Structures are given as structure tokens and as C-alpha cells.
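Numbering (this note's numbering), first residue to last: 34 to 918.
Here's what the structure looks like:
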């Protein structure tokens with residue numbers, strides 16, 4: 034019986050005596066020899082932390098990744114072109130410095146985030162007490178919890194926290210709070226069951242009344258328990274192990290890495306080709322090398338980090354106004370990509386508070402008289418008022434304005450005595466008097482109330498309880514249970530002697546007045562939120578530790594269609610393949626353990642879904658970790674908030690719709706930049722290769738490439754703030770490197786066609802016209818070259834800029850889809866700057882020459898033709914792939 038599962042299975046199925054015998058222990062406890070043997074067998078009661086990486090490794094991993102490799106390569110290229118190979122007095126290290134600073138800042142931010150994440154697992158230790166009361170060799174003693182072993186007998190009392198997972202041997206009014214593990218806010222009764230019945234055997238360990246778990250705390254009563262599992266085998270230990278297991282990148286991180294490697298491969302292939310062709314053509318290998326490095330700079334979208342950061346930061350600022358804290362900037366885009374939202378029921382779909390839905394007579398009709406009796410019981414009791422008592426008092430105060438008989442009950446009645454609640458009776462009584470008449474008012478579980486009641490109140494008449502009446506009441510209550518309502522019975526008995534000394538024996542021969550139906554009600558925002566998520570292509574699934582009947586009722590009330598319900602007991606016996614096959618069609622997963630929640634999410638991700646998970650308990654930590662986006666709330670336990678990517682200050686699904694929209698806007702504007710820039714630059718490479726073969730000189734000087742790239746990139750600074758088509762936001766969006774490759778392959782060569790036309794116009798028409806001769810017969814080939822390169826320099830900027838409006842949306846630009854004003858301003862300003870550069874004092878150092886009016890007429894025709902062809906190709910692309918951005 035070495036494994037924890039074997040011990041739990043035995044304890045769940047077998048009488049207590051057999052469990053003690055199998056563990057080699059007794060109620061007198063273990064001997065010191067047994068303790069040492071069991072410690073060697075099962076280990077110490079410690080949760081092993083994952084081996085932490087060194088600080089240097091963390092720093093390295095925070096800085097070095099495929100994307101930063103690209104940036105650092107660019108920095109080196111810039112160092113060569115602008116510093117090492119620059120002419121004396123012209124060295125400019127600004128670009129290299131900016132890139133290095135950018136990488137350092139990015140790495141620092143990531144490093145800080147990683148350190149915060151590492152802190153999450155260590156927070157589990159705050160749930161574990163330092164010492165425990167244990168019985169060994171028949172004597173009671175305090176020992177450090179690390180010294181506890183399987184088979185130890187421990188004593189528990191109010192205020193204690195559980196030091197291990199254990200089986201209860203004896204209990205007395207034992208009430209524990211295990212919300213951090215189950216997510217359910219109400220305290221639960223636990224009791225020793227020496228011989229489990231068939232119903233008990235069907236339960237999971239977390240549901241069973243016989244088991245208690247490390248991290249729970251004792252609310253009231255006392256107990257004696259035997260430890261079943263310790264350390265890593267406890268539920269908290271398994272949760273921490275799960276946290277360490279699911280170290281996966283999010284979909285955004287994976288796809289950005291793919292895109293980065295795509296750019297690296299393109300550089301590794303194209304740059305050497307450009308270098309060889311130019312070197313072999315012109316024989317000037319130094320200039321060919323400089324030009325090839327410039328091409329590498331041009332091929333890489335240097336401003337992508339800025340675009341990404343600005344887009345993500347913009348989304349984070351907008352969400353902050355909605356009381357949503359974005360802990361990790363990448364989470365904004367991941368939020369827009371999710372197509373399934375998995376969430377717990379309590380506090381997310383429901384208000385996380387109990388309300389008294391119906392005070393009912395025995396025929397299940399509303400009866401304020403039943404509410405009055407229940408109020409007297411709840412108001413005058415001196416014990417801790419639980420959620421049910423508060424619900425009764427709140428409902429009575431609300432109804433008092435309309436029902437005179439409910440007014441001033443606290444002053445009209447005087448308390449005489451009370452019989453406190455205990456878990457054996459499962460009821461509590463209060464004795465109050467009005468004038469000279471005393472009333473014993475009792476409320477409790479309906480079965481208990483029926484067992485002590487001999488009569489029922491039916492209107493103004495009191496009848497003896499018959500089998501027919503009992504059957505009718507039980508049927509009505511069963512119907513309420515099916516609706517997810519919890520039911521308590523209320524009985525009373527009147528006394529003329531107010532000085533009578535009351536005992537538990539007086540709870541007999543009572544009159545059942547009716548019953549109370551309670552509900553954890555759905556949030557008003559839940560139904561519209563689920564509908565809004567559905568309209569945006571997101572399916573909602575419920576993963577809960579609660580039972581399926583209550584969950585079904587809540588789903589019905591919030592308008593969530595339930596296709597299939599799966600229980601934790603069924604999942605336990607399913608293989609990953611079987612579970613993955615049914616998980617997509619299942620709406621409710623009920624009675625789940627923490628590991629099962631995380632397993633379901635992991636399998637859904639394996640099916641290609643992007644998953645968001647919303648939870649707030651320790652039991653939710655593994656799911657928050659494994660999901661693409663972990664969403665928690667400000668009131669959650671610390672570990673849930675630490676692991677989560679997004680923290681809501683209001684626990685409301687409705688705000689997630691706004692998060693989805695912002696995430697999709699971020700995706701749209703980032704992918705616009707990547708697709709437009711990479712495809713444009715890819716087209717330039719084709720143009721350069723053509724020119725290198727057919728022209729006797731470079732089509733553009735290295736400095737032109739750098740300046741062009743810089744001005745174009747600066748013109749894109751407004752892209753994060755661009756408008757996004759409303760219909761684009763209706764579906765989840767996720768990054769795919771293959772989509773970028775397709776886009777680049779289609780639209781890169783399209784731009785090259787008009788580059789080649791520009792080459793022809795400049796080489797055979799405009800340049801000879803301005804210089805007075807062809808290149809072959811020119812007496813000033815350097816001037817011819819400047820005119821030619823200036824022509825392509827300006828045309829490249831115009832084509833790159835104007836195509837932004839063609840490619841930013843699948844719709845017709847300006848007519849069906851309007852760009853943001855800020856994008857218009859920056860792009861038109863960039864056009865103006867490049868167009869006037871040849872006519873400024875910068876023309877000479879940049880080797881630019883002024884052009885004539887005929888050039889600009891030709892330019893307009895070329896750009897018009899380019900925009901027309903792009904429109905045709907765009908329609909064909911959308912028709913073939915049924916997508917755009």
C-alpha cells in the first residue's frame with residue numbers, strides 16, 4: 034500500500050478498523066520505531082519545491098529568445114554599417130544603442146515577471162501550520178508538522194489548520210472550511226464513519242465526509258484523525274506538482290517565436306544571395322557586403338517590439354479603466370484569441386451569497402407566516418449566524434414593509450432560551466415569548482424536521498402527518514432540489530408556561546409549518562455576458578467542484594445551453610483520448626478535483642483550442658497556470674492571483690467581453706504591421722535581386738535603405754491606435770506564422786512588379802531626360818545613379834505607405850473602412866518628408882537628386898496601377914483562404 038491512491042481507495046471503501054490495521058497503527062498512536070520506519074517508507078511531511086534555476090540562468094532566459102536574437106543581429110549590423118564601416122566623422126551608434134536598450138528593458142520586465150511567478154508556488158507554504166498535536170505511544174504531544182508520518186493519530190480542534198490529508202476517527206460537532214480547495218464558500222460538516230455505506234463509497238475523496246485535507250481549517254468542534262498521506266502526496270502537494278508540470282508558452286509566445294524564426298531563416302537565405310549576386314555583378318565585395326547587411330535591416334520589422342508594446346500597453350490602459358489589472362501584457366492578445374472560456378460556477382455565474390428564494394407552506398405555496406417563524410429562530414440564536422440565517426433575516430426585513438405581521442419582530446418577541454445546533458441533531462431551536470405564550474421554533478434539515486414533527490399546518494388548520502402528506506412534502510422538496518435549491522424545514526410548538534425549562538427532548542411532537550428554499554442566485558450580468566461571449570465566438574464551459582444538479586439549474590437561469598454533463602467520477606476512469614473526444618461537446622464538468630480541471634484544459638488545448646480559465650481558489654491554481662489566459666479576482670487567494678495573467682477587481686464575466694474586443698484589436702493592429710511590413714520588405718528583396726542581375730549598379734544605396742526603413746517605421750507608430758472593423762472583432766483571432774508566410778508570398782512579388790516598372794521608367798526615361806544621356810554614354814554616371822536611386826527611393830515610400838490603406842482591411846479603404854486620423858497624419862507626413870528630401874540640404878549627404886514633374890506624373894500612374902492590382906490580388910486571396918488579417 035505504498036501509493037497515496039491505494040491508501041485513499043482503501044479508506045474510502047473499507048471499515049475504519051481495516052484501514053488502521055493496513056496502516057499498522059491504532060488509536061493509541063505509533064511507536065517511535067514505527068515512526069522512523071514509516072518516514073523511510075513514505076517520506077517526510079514536506080512539499081518538495083521544484084529546483085530553482087540560478088539567477089544568471091533566469092536573466093539569460095529573460096533576455097535571449099529568437100526575437101531578441103533578431104534585434105541583436107540588427108544592432109550588430111547597424112554597428113558595422115553606421116560605425117565600423119562609416120567614413121571618418123560619420124560614425125553614428127544611435128541605432129545600435131537604442132536596440133540594446135530596448136532588449137535590456139524588455140528582458141528586465143520579463144525577468145521581474147518571472148520572479149513574481151516563482152513566488153506563487155512558495156505562497157502555498159502559508160497554508161501549512163508549524164506544529165500539530167499527535168498521539169504517540171498513547172501520549173499526546175506537539176511535534177513539527179515535518180515530523181508527521183502516515184499512520185500518525187492527530188487531534189484537531191477549532192482554529193487548527195490541517196497538517197496533512199487524513200481520515201477522521203472521531204468527531205464532535207466538527208465543522209471545517211475548505212473553500213480554498215473546493216471553491217465553495219460555506220463551511221461543511223465532517224464526521225467519522227466507521228463503516229461506509231454504498232453511497233459514501235461512490236463519492237470522491239474531496240466530497241466524502243470522512244476525509245480532511247491539508248490547508249483546510251477547523252471552524253468548530255474537535256476530532257481525532259489518522260494521517261493517510263503526507264507531503265507531495267497531499268492534495269496541496271499535487272497542486273504544486275501540477276503548477277511545476279505545466280510550464281507551457283502561451284499561444285502568443287509560441288507564434289511570435291515562429292515568426293521570429295521565419296525572419297531569421299529569410300535573412301540567412303536571402304542576405305547571402307544578395308551579397309553574392311552584387312559581388313559577382315559589380316566586383317565591389319565591400320559595397321556588396323554593406324548592401325547585403327542593409328537588406329537584412331530592411332527585411333526585419335525593427336519597430337515590431339514598439340508596435341507590440343504600444344498595442345498591448347494601450348489595451349492594458351483601457352482595461353484598467355474597466356477595473357481589470359493586466360499582469361502580463363501578452364495576456365491582452367491571448368484574451369482576444371480564446372475560443373473557450375472555462376469558469377467555476379460560484380461567484381462567477383452566481384453572486385457567491387445565499388438568498389432565501391421561497392418561504393413555502395407544505396403545499397409549496399408562498400407563506401409569510403413560515404418566514405416569520407424562521408426569522409425568530411435565526412435572529413434570536415446566539416451562535417454564529419451562517420449564510421442561511423443572514424438570508425432569512427435579510428428577506429424578512431425586505432418583506433416587512435408590505436406585511437404588517439413581519440414588522441418589529443425583534444421587539445415584539447423576547448428570547449427565553451435556545452437549544453444550539455449540533456451535527457447529530459442537525460437542527461437548532463430558539464424559545465421566544467410574546468405576551469404570556471412561549472413558542473419553541475426549530476429549523477433544520479427537512480428529514481430531521483419530519484422525524485420530530487407529528488402534525489402539519491395547512492392554512493389555518495393543523496393536521497396529523499399521514500403517509501400521503503409526507504409523500505407529498507418529500508415530492509415537492511425533491512422538485513426544489515432538482516432546481517438547485519437547498520431546503521430547510523421549520524417547525525414549532527407552543528407552551529403556556531414561559532418558565533418551563535427546555536431540553537432537546539422537547540423537540541418532539543412538533544407542528545411542521547413549512548420549509549425554506551435557498552439559492553445562490555445568478556448574477557444579473559451573467560446571462561448577457563454569456564450571450565456576448567457567444568456572439569464573439571467564445572464557448573463557455575463550467576468546471577466546478579459542486580454537484581451537477583445545482584450547476585444545471587444555474588446554467589438554465591443564465592441561458593447557457595447544456596449539451597452534456599460529465600462528473601469527476603466518470604473522468605477518473607477515462608483515458609486522455611476518451612476524455613479529449615467528449616470534452617469539446619461537454620458543457621458542465623461537475624464534482625471535479627483540481628487535477629481534473631487542469632487535465633481538461635490541457636486536453637482542450639491539445640485539440641487546438643485557445644483556453645481562458647477563471648478561478649479564485651487554491652484548487653484553481655493548476656488550471657490558471659495551464660490555460661492560455663488565467664483570470665482571477667482581487668478577492669482570490671494569493672496563489673490564484675499570483676498565477677493569473679489577468680485580475681478582475683470586480684468578479685464579473687461581462688467585463689471579459691471588453692477584454693476580448695481589446696485583445697482582438699491588439700491582434701489586428703500588430704498583424705497589420707507584420708504582414709504589411711514583411712511582405713513589402715520581401716517584395717523589395719525580389720526587386721533588389723532583379724536589379725542586381727539586370728542593372729549595372731545598386732538600385733538603392735545602403736543609406737537609402739536605412740533612411741527609408743526608419744521613416745516608414747516611424748510612420749507606423751500610429752498603427753496600435755488604428756480603427757478595426759467591427760465584424761473582424763466577432764471571432765477569436767490567433768497568431769499563425771503560416772498566414773504571414775502566405776501573405777508575404779502573395780503580396781511581396783506584387784509590389785516587385787511595380788518596382789521593376791519603376792526601374793524601367795527611371796533607367797530608360799526619367800534619368801536620361803534629367804541627366805541628358807543614357808547611363809552607358811553618360812559623362813557623369815554618379816549623377817545618373819543618384820537620379821535613378823532617388824526615383825526608386827521615393828516610389829518605394831509611396832508604394833509602402835499607400836498600400837497600408839489597401840491592406841489594413843479586407844474592405845474598400847476610406848469607403849467601407851476608415852483608418853484612424855492619427856494613422857493618416859503619420860503616414861502622409863512620412864510621404865511628405867521622403868518626397869521633399871531631394872530638395873533640402875540633406876539631399877547631398879544622402880546622395881539624393883531633385884526630380885522633374887514628369888517623374889511625379891509617372892509615379893501617380895504607377896501607384897494607381899499598384900493599388901488596382903493589390904485590390905484584385907486581395908479579392909483572390911480572401912476567396913482562396915477565406916481570411917485576411
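We put the beta carbon where it would ideally sit given N, CA and C, even for glycine.
On a predicted model such as this, the values are computed, not experimentally measured, just so you know.
Taken atom to atom, the span from the alpha-carbon of residue 804 to that of residue 737 is near 20 Å. With 16 or more neighbouring CB atoms inside 10 Å of its own CB, residue 772 falls in the buried class. Following the DSSP letters along the chain, one finds residue 749 in no alpha helix (DSSP H), marked with neither H nor E.
Bridge pairing for residue 830: absent [DSSP]. Counted as a single uninterrupted DSSP element, the beta strand (DSSP E) harbouring residue 376 occupies residues 373-376. When beta bridges are read from the DSSP output, residue 244 appears opposite 200.
Contact between the segment 294-303 and the segment 107-122 is absent: fewer than three C-beta pairs spanning the two stretches fall below 8 Å. For residue 183, the number of other beta carbons within 10 angstroms of its own is at least 16, and it is reported as buried. Counting C-beta pairs with one atom in each stretch, the segment 556-571 and the segment 529-537 have fewer than three that are closer than 8 Å, which means they do not touch.
Within the model, the alpha-carbon separation for residue 647 versus residue 581 is close to 19 Å. The C-alpha of residue 445 lies about 34 Å from the C-alpha of residue 507. Boundaries for residue 732: no alpha helix (DSSP H) harbours it, and the DSSP string shows neither H nor E there. Here residue 630 has 576, 656 as same chain residues with Cβ atoms under 6 Å from its own Cβ, once five neighbours each way along the sequence are excluded.
Residues 395, 489, 496 of the same chain have their beta carbon placed closer than 8 Å to that of residue 502, with the five preceding and five following residues left out of the count.
Under a 10 Å Cβ-count criterion, residue 542 is classified as exposed, with fewer than 16 other Cβ atoms of the shown protein chains found around its own Cβ.
Nearest to residue 785 by C-alpha distance, out of 853, 712, 821, is 712. Where residue 632 is concerned, the enclosing alpha helix (DSSP H) starts and stops at 627-639.
With a threshold of 16 other beta carbon atoms within 10 Å, residue 817 meets it and is buried. Sequence-distant partners of residue 669 (beyond 5 residues in either direction) whose C-beta falls short of 6 Å from its own C-beta, in its chain, are 649. Within the segment 405-452, no run of beta strand (DSSP E) reaches 3 residues while sitting entirely inside it.
Taken in chain order, the complete beta strand (DSSP E) segments of 3 or more residues contained in the segment 778-830 number zero; there are none. Counting the other CB atoms within 10 Å of its CB gives residue 227 a total below 16, which places it among the exposed residues. Residue 730 counts as buried, since no fewer than 16 other beta carbons sit within 10 angstroms of its beta carbon. Nearest Cα to residue 916 within the set 239, 448, 878, 840: 840. Distance check between residue 584 and each of 66, 781, 377, 783 places 377 closest, using alpha-carbon atoms only. In the structure shown, residue 366 adopts helical secondary structure according to DSSP, grouped into three states. Going by DSSP, residue 857 is part of the alpha helix (DSSP H) stretching over 854-869. Using a 10 angstroms sphere on the CB of residue 831, the tally of other CB atoms reaches 16 or more, which defines it as buried.
DSSP places residue 518 in the coil class of the three-state scheme, outside both helix and strand. Around the Cβ of residue 78, a 10 Å sphere holds 16 or more other Cβ atoms; the residue is buried. Per the coordinates, the alpha-carbon of residue 861 lies some 33 Å from the alpha-carbon of residue 291. One Cα belongs to residue 62, the other to residue 179, and the distance between them is close to 17 Å. In the three-state reduction of the DSSP assignment, residue 534 falls in the coil class, being assigned neither a helical nor a strand state. Here residue 528 is near residue 473, since their CB atoms are less than 9 Å apart. No Cβ-Cβ contact shorter than 9 Å links residue 883 with residue 891.
Annotated three-state conformation of residue 169 is strand, per DSSP.
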